[in-house]
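Colleague: To convert, take the position in the first sequence, counting from 1, and add 94; that gives the numbering used here.
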Amino acid sequence: MNDSQITISLPDSSTRSLPSGATAADLAADIGPGLAKAAVAARVNGELADLRRALPDGASVAIVTRKDSDPDALYVLRHSAAHALATAVRKLYPEAGIGFGPPIEEGFYYDFEVPEPFTPEDIETIQAEMVKVIEADDPFARRDVDRSEAKALFADDPLKLERLEEIPDDETISVYENGPFLDLCRGPHAPSTGEIQHFKLLHAAGAYWRGDEKRQMLQRIYGTAFYTSQALDEYVTRLEEARKRDHRRLGQELDLFSIQEDIGPGLVCWHPKGARLQLELRRWIEDLLTARKYEFVFTPHISSEALFRKSGHLPNYAENMYPSMQGDGEEGAFRVKPMNCPGHTTIYAARPRSYRDLPIRLSEIANVYRYERSGTLHGLLRVRMLTMDDGHVFCTPEQVEPEIFTCLELVDIVMSTLGLEYRFDLSTRPDGEKRIGDDELWDRAEEALHQALDRAELEYGLDEGGGAFYGPKIDIKFKDAIGREWQGATIQLDFNLPERFDLEYVGADNQTHRPVMIHRAIFGTLERFTGVLIEHFAGAFPPWLAPVQVRVLPITDAHEEGARAVLDRLESEGYRVELDSRSDTLGYRIRDGELQKVPYLLVVGEREIEAGTVAVRARGADKKQVIMPVDDFVDRLRERVESKSLQN
RNA sequence: GCUGGCGUAGCUCAACCGGUAGAGCGUCGGAUUUGUAAUCCGGAGGUUGUGGGUUCGAGUCCCACCGCCAGCUCCA
Numbered sequence: 095m096n097d098s099q100i101t102i103s104l105p106d107s108s109t110r111s112l113p114s115g116a117t118a119a120d121l122a123a124d125i126g127p128g129l130a131k132a133a134v135a136a137r138v139n140g141e142l143a144d145l146r147r148a149l150p151d152g153a154s155v156a157i158v159t160r161k162d163s164d165p166d167a168l169y170v171l172r173h174s175a176a177h178a179l180a181t182a183v184r185k186l187y188p189e190a191g192i193g194f195g196p197p198i199e200e201g202f203y204y205d206f207e208v209p210e211p212f213t214p215e216d217i218e219t220i221q222a223e224m225v226k227v228i229e230a231d232d233p234f235a236r237r238d239v240d241r242s243e244a245k246a247l248f249a250d251d252p253l254k255l256e257r258l259e260e261i262p263d264d265e266t267i268s269v270y271e272n273g274p275f276l277d278l279c280r281g282p283h284a285p286s287t288g289e290i291q292h293f294k295l296l297h298a299a300g301a302y303w304r305g306d307e308k309r310q311m312l313q314r315i316y317g318t319a320f321y322t323s324q325a326l327d328e329y330v331t332r333l334e335e336a337r338k339r340d341h342r343r344l345g346q347e348l349d350l351f352s353i354q355e356d357i358g359p360g361l362v363c364w365h366p367k368g369a370r371l372q373l374e375l376r377r378w379i380e381d382l383l384t385a386r387k388y389e390f391v392f393t394p395h396i397s398s399e400a401l402f403r404k405s406g407h408l409p410n411y412a413e414n415m416y417p418s419m420q421g422d423g424e425e426g427a428f429r430v431k432p433m434n435c436p437g438h439t440t441i442y443a444a445r446p447r448s449y450r451d452l453p454i455r456l457s458e459i460a461n462v463y464r465y466e467r468s469g470t471l472h473g474l475l476r477v478r479m480l481t482m483d484d485g486h487v488f489c490t491p492e493q494v495e496p497e498i499f500t501c502l503e504l505v506d507i508v509m510s511t512l513g514l515e516y517r518f519d520l521s522t523r524p525d526g527e528k529r530i531g532d533d534e535l536w537d538r539a540e541e542a543l544h545q546a547l548d549r550a551e552l553e554y555g556l557d558e559g560g561g562a563f564y565g566p567k568i569d570i571k572f573k574d575a576i577g578r579e580w581q582g583a584t585i586q587l588d589f590n591l592p593e594r595f596d597l598e599y600v601g602a603d604n605q606t607h608r609p610v611m612i613h614r615a616i617f618g619t620l621e622r623f624t625g626v627l628i629e630h631f632a633g634a635f636p637p638w639l640a641p642v643q644v645r646v647l648p649i650t651d652a653h654e655e656g657a658r659a660v661l662d663r664l665e666s667e668g669y670r671v672e673l674d675s676r677s678d679t680l681g682y683r684i685r686d687g688e689l690q691k692v693p694y695l696l697v698v699g700e701r702e703i704e705a706g707t708v709a710v711r712a713r714g715a716d717k718k719q720v721i722m723p724v725d726d727f728v729d730r731l732r733e734r735v736e737s738k739s740l741q742n
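See the structure below:
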């Protein structure tokens, strides 16, 4: 092999020789014309790159082809679509400042600094202009520049100049040019704007520059793009379908809860059926915790303000706490509690503790109140009165790991029983002023959580700076119907509050020691958890959880007595049953039962009464009805409920 | 909190350029007595989110406030 040749290895571990200076496009063409045609980018030594970049000798290269199923391919397409959007906006608004324009999970956005926010009509105009940009089919040309040239290129673009300042000296500065538009950008991009065939601008919204609410607000336009019109249509349809599962909509349709202006924003009223969901979840977690030696306590809804000052919550979260209630005389001010830690801490401190007592595990399903900013409220998922399945474990440093394992076990039981998908995040210490305690304590706490997760062999993400002010935490995150992520269970390690409250225990050495505190919630809050469950099940809850488990439908008035006998039987067994003896047709009542997502509809007519059977219509079953003796149905229901089966 | 959009009956929605609010579902009454996803007839139900303003006249235009939705920021 001579100097003018380079060797490239391919994903199937074969190698190929190409002339020096060959690009990924050349490689694709060398492999075959079909691949050359389908190629949009390449993965070079693991990094996504333009097709037109020269390949280094010895690189391992995978060609990325136009495919809606390939995240790399979509990333490149959407990044290019963001540039095409900015191109269109600059044509219509030459003075617009340009911020960032990255691809995101389901599409892309671009931020603009314009004097007037975009109206929905503006978005249509921009979309039409974007079509022209695409029709022009200008290539995306990359150029590496030095800092002074970059400064000159973006001289009248303060947002880009600010970004430029942050690029370290050892990093290559690159720009991409497509037709009239030039952007500071790391790339990569599709070969040309013509690649973007199937796209849609979705909506515009304000977004702070650099994500900092103290800085100016830019106007962000969101859009999405795919390689086929079919995938784009599917995406739009999927969003519409997802909206039908929205817990706010189902909460109304199934009469589960309401949030009313007369009561106040973020304050949930649970209707009987929604309250039943909560009661079943509470009973479940109470049993699980009791079996793991947790003890239940109750602490007051209001406490002296001094308590929250001592804990550090007041200094850190005053903005998000309900205002002070001023006492009449010398008593001083009170606050409605935003969390339970100080209360549980106070119970711990109420008497001397021995190492023999530890761990002490206190649990309380408690309502707490947080004055969340108005713009953040969201149905059941972000509320101002929240019901936490809260708990605090006070233990020795050696006991931390087994206690965390118990928490992780509980999370697993709850999530797998319900079939919920979730992921773990390890959230580490926040920035300087936002945390208490010295770094050594933080090191120990973070290390303990890392180890626990590693030993439990769990995969987890890292949320740098996402911890609580008193300690790092393991969070579990799940997604709502349209893919927004929310925090559920949380396990927080805390060496700081025990210091602040001067918690102690007497060790075997007859010396006093500081206990470690674990804050944990398995559901998180019952509001959010129920909201996620409503969307997860689309309102069709498994029998053990369903507010109404069975509805009995007599065919005519003549069968009402027989139907009532079935109802009485089921009620005496402890099940939640309704009788629908309305004078509407059977078809109408079946439809209504289906729409209300009742797991079992039992039809009772002449034949059933005589034979002592019921005609069972199980929600979602292939067979519309199955005739079985009442006893058999009771057995089936019992089995499903007791096992918390997801089947009905 | 910020930016934008929206707010009409319990729910979903309609009402041209400003001309005095209407439908379906639900609910109630009556008829019907039904065998597996909507039986028929009739009635009731609205200070058009709230408060101001412009106008002969405001659901419609203007202002303020409240709430909701999307996004941003925040989330012990």
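We treat Cβ as the ideally placed atom computed from N, Cα and C, and that holds for glycine.
Span of the alpha helix (DSSP H) holding residue 410?
Modeller: Position 316 of the first sequence, counted from the first residue, corresponds to residue 410. First-last of the alpha helix (DSSP H) with residue 410: 407 to 411.
Colleague: Quick check on the burial criterion: 16 or more other C-beta atoms within 10 angstroms. Buried or exposed for residue 439?
Modeller: As a position in the first sequence, residue 439 is number 345, starting the count at 1. It is buried - the Cβ of residue 439 has at least 16 other Cβ atoms within 10 Å.
Colleague: Give every residue of the same chain whose Cβ lies closer than 7 Å to the Cβ of residue 175, excluding the five residues on either side of it in the sequence, and list them in chain order.
Modeller: Position 81 of the first sequence, counted from the first residue, corresponds to residue 175. 202, 290, 293, 317 and 319.
Colleague: Apart from the five residues on each side of it in sequence, which residues of its chain come closer than 8 Å, Cβ to Cβ, to residue 663?
Modeller: Position 569 of the first sequence, counted from the start, is the residue given in the question as residue 663. Excluding positions up to five away in sequence, the list reads 724 and 728.
Colleague: Where residue 309 and residue 388 are concerned, what is the direct C-alpha to C-alpha distance, given to the nearest angstrom?
Modeller: Residue mapping note: residue 309 aligns to position 215 of the first sequence, counting from 1. Residue mapping note: residue 388 aligns to position 294 of the first sequence, counting from 1. So the two alpha carbons sit approximately 47 Å from each other.
Colleague: Could you pull out every unbroken alpha helix (DSSP H) segment of at least 4 residues lying fully inside the region 317 to 373, listed in chain order?
Modeller: Runs of the alpha helix (DSSP H) inside the region 317 to 373: 323 to 338 and 341 to 347.
Colleague: Out of 638, 271, 343 and 114, which one is the CA nearest neighbour of residue 668?
Modeller: As a first step, residue 668 is located in the first sequence; it is residue number 574 there, counting from the start. For residue 668, the nearest C-alpha among the options comes from 638.
Colleague: What runs of the alpha helix (DSSP H), each 4 residues or longer, lie entirely inside the region 218 to 264?
Modeller: Runs found: 241 to 247 and 252 to 260.
Colleague: Beta carbon of residue 566, beta carbon of residue 523: below 8 Å?
Modeller: Numbered from its first residue, the first sequence carries residue 566 at position 472. Numbered from its first residue, the first sequence carries residue 523 at position 429. Cβ distance < 8 Å, so residue 566 and residue 523 count as in contact.
Colleague: In whole angstroms, give me the CA-to-CA distance for residue 323 and residue 587.
Modeller: The residue labelled residue 323 in the question sits at position 229 within the first sequence. The residue labelled residue 587 in the question sits at position 493 within the first sequence. The alpha-carbon atoms of residue 323 and residue 587 are separated by roughly 49 Å.
Colleague: Answer yes or no: do residue 216 and residue 314 have a C-beta to C-beta separation smaller than 8 Å?
Modeller: For the purposes of this step, residue 216 is taken as the residue at position 122 of the first sequence. For the purposes of this step, residue 314 is taken as the residue at position 220 of the first sequence. For residue 216 and residue 314, no; Cβs fall outside 8 Å.
Colleague: Is the number of C-beta pairs between the region 436 to 456 and the region 376 to 391 that are closer than 8 Å three or more?
Modeller: With a cut-off of 8 Å, the region 376 to 391 and the region 436 to 456 count as touching, because enough Cβ pairs lie within range.
Colleague: Run through the DSSP bridge pairs and tell me what residue 672 is partnered with.
Modeller: The residue labelled residue 672 in the question sits at position 578 within the first sequence. In DSSP, residue 672 forms a bridge with 645.
Colleague: Can you round the beta-carbon distance between residue 264 and residue 177 to whole angstroms, since I take them to be within the 8 Å contact cut?
Modeller: Along the first sequence, one-based indexing puts residue 264 at 170. Along the first sequence, one-based indexing puts residue 177 at 83. Not confirmed; about 26 Å, so no contact.
Colleague: Write down the C-beta distance between residue 117 and residue 146 rounded to the nearest angstrom, noting that I regard them as a contact closer than 8 Å.
Modeller: As a first step, residue 117 is located in the first sequence; it is residue number 23 there, counting from the start. As a first step, residue 146 is located in the first sequence; it is residue number 52 there, counting from the start. The Cβ separation is near 5 Å, so the contact holds.
Colleague: Taking just the CA atoms, how far does residue 542 sit from residue 551?
Modeller: By one-based count along the first sequence, residue 551 stands at place 457. By one-based count along the first sequence, residue 542 stands at place 448. C-alpha separation (whole angstroms): 14 Å.
Colleague: How many Å lie between residue 95 and residue 103 at the Cα?
Modeller: Reading the first sequence from its first residue, position 1 is the one you call residue 95. Reading the first sequence from its first residue, position 9 is the one you call residue 103. Note that residue 95 scores a pLDDT of 48, beneath 50, so its modelled location is shaky; the value from the coordinates is reported in the next line. Distance between the alpha carbons of residue 95 and residue 103 is about 15 Å.
Colleague: Would you identify the three-state DSSP class for residue 576, choosing helix, strand or coil?
Modeller: The count along the first sequence starts at 1 and reaches residue 576 at position 482. Coil.
Colleague: Report the three-state DSSP secondary structure of residue 272 (helix, strand or coil).
Modeller: Your numbering for residue 272 matches position 178 in the first sequence. Reduced to three states, the DSSP call for residue 272 is strand.
Colleague: Output needed for residue 747: all residues of its chain with C-beta closer than 6 Å, excluding positions within five of it in sequence on either side, in chain order.
Modeller: This structure cannot settle anything about residue 747, because the visible part of the chain is limited to 95 through 742.
Colleague: From the DSSP output, in three-state form, read off residue 740 for me.
Modeller: Here residue 740 is taken as the residue at index 646 of the first sequence, counted from 1. Residue state, collapsed to three classes: coil.
Colleague: Taking DSSP's pairing of strands, which residues face residue 613 in a bridge?
Modeller: Against the first sequence, residue 613 aligns to sequence position 519. DSSP, once it has assigned bridges, lists 486 and 586 as partnering residue 613.
Colleague: Tell me which residues share the same chain as residue 181 and place their Cβ nearer than 6 Å to its Cβ, disregarding the 5 neighbours each side in the sequence.
Modeller: Residue mapping note: residue 181 aligns to position 87 of the first sequence, counting from 1. Answer for residue 181: 227 and 275, listed in chain order.
Colleague: For residue 591, I'd like the list of residues in its chain whose CB is within less than 7 Å of its CB, leaving aside the five on either flank, ordered along the chain.
Modeller: Your numbering for residue 591 matches position 497 in the first sequence. Within the same chain, residue 591 has close Cβ partners 405, 435, 439, 564 and 611.
Colleague: As a quick exercise: from 413, 135 and 426, pick the residue whose alpha carbon is nearest that of residue 396.
Modeller: Here residue 396 refers to the residue found at position 302 of the first sequence. Out of 413, 135 and 426, 426 has the C-alpha closest to the C-alpha of residue 396.
Colleague: Quick one: grab the DSSP three-state call for residue 458.
Modeller: Residue 458 sits at position 364 when you count from the first residue of the first sequence. Three-state result, residue 458: strand.
Colleague: Could you round the C-beta distance between residue 515 and residue 595 to whole angstroms and report it? I think they count as a contact, below 8 Å.
Modeller: Counting from 1 along the first sequence, the entry for residue 515 is found at position 421. Counting from 1 along the first sequence, the entry for residue 595 is found at position 501. That belief does not hold up - the Cβ atoms of residue 515 and residue 595 are roughly 38 Å apart, past 8 Å.
Colleague: Determine, using beta carbons only, whether residue 193 and residue 207 come nearer to each other than 8 Å.
Modeller: Indexing the first sequence from 1 puts residue 193 at position 99. Indexing the first sequence from 1 puts residue 207 at position 113. Yes, the Cβ-Cβ distance between residue 193 and residue 207 is below 8 Å.
Colleague: Does the region 665 to 683 touch the region 703 to 719, meaning 3 or more C-beta pairs lie closer than 8 Å?
Modeller: Segments in contact, no.
Colleague: Along the alpha helix (DSSP H) that carries residue 113, what are the first and last residues, could you check?
Modeller: As a working mapping, residue 113 is identified with position 19 in the first sequence. Looking at the DSSP string, residue 113 is not in any alpha helix (DSSP H); the run it does join, the beta strand (DSSP E), is 109 to 113.
Colleague: Quick one: give me the first and last residue of the beta strand (DSSP E) that residue 100 is part of.
Modeller: Looking up residue 100 in the first sequence gives position 6. Note, residue 100: beta strand (DSSP E), 99 to 103.
Colleague: Just how far apart, CA to CA, sit residue 110 and residue 132?
Modeller: Mapped onto the first sequence, residue 110 falls at position 16. Mapped onto the first sequence, residue 132 falls at position 38. So the alpha carbons of these two residues sit roughly 19 Å apart.
Colleague: Which first and last residues belong to the beta strand (DSSP E) in which residue 157 is found?
Modeller: Counting from one through the first sequence, the residue named residue 157 turns up at place 63. Segment 155 to 159, the beta strand (DSSP E) holding residue 157.
Colleague: So, helix, strand or coil for residue 181, using DSSP?
Modeller: Walking along the first sequence from the start, residue 181 turns up at place 87. In the structure shown, residue 181 sits in a helix (DSSP, three-state: H, G or I).
Colleague: Helix, strand or coil for residue 519 per DSSP?
Modeller: The residue you call residue 519 lines up with position 425 of the first sequence. If DSSP states are grouped into helix, strand and coil, residue 519 belongs with the strands.
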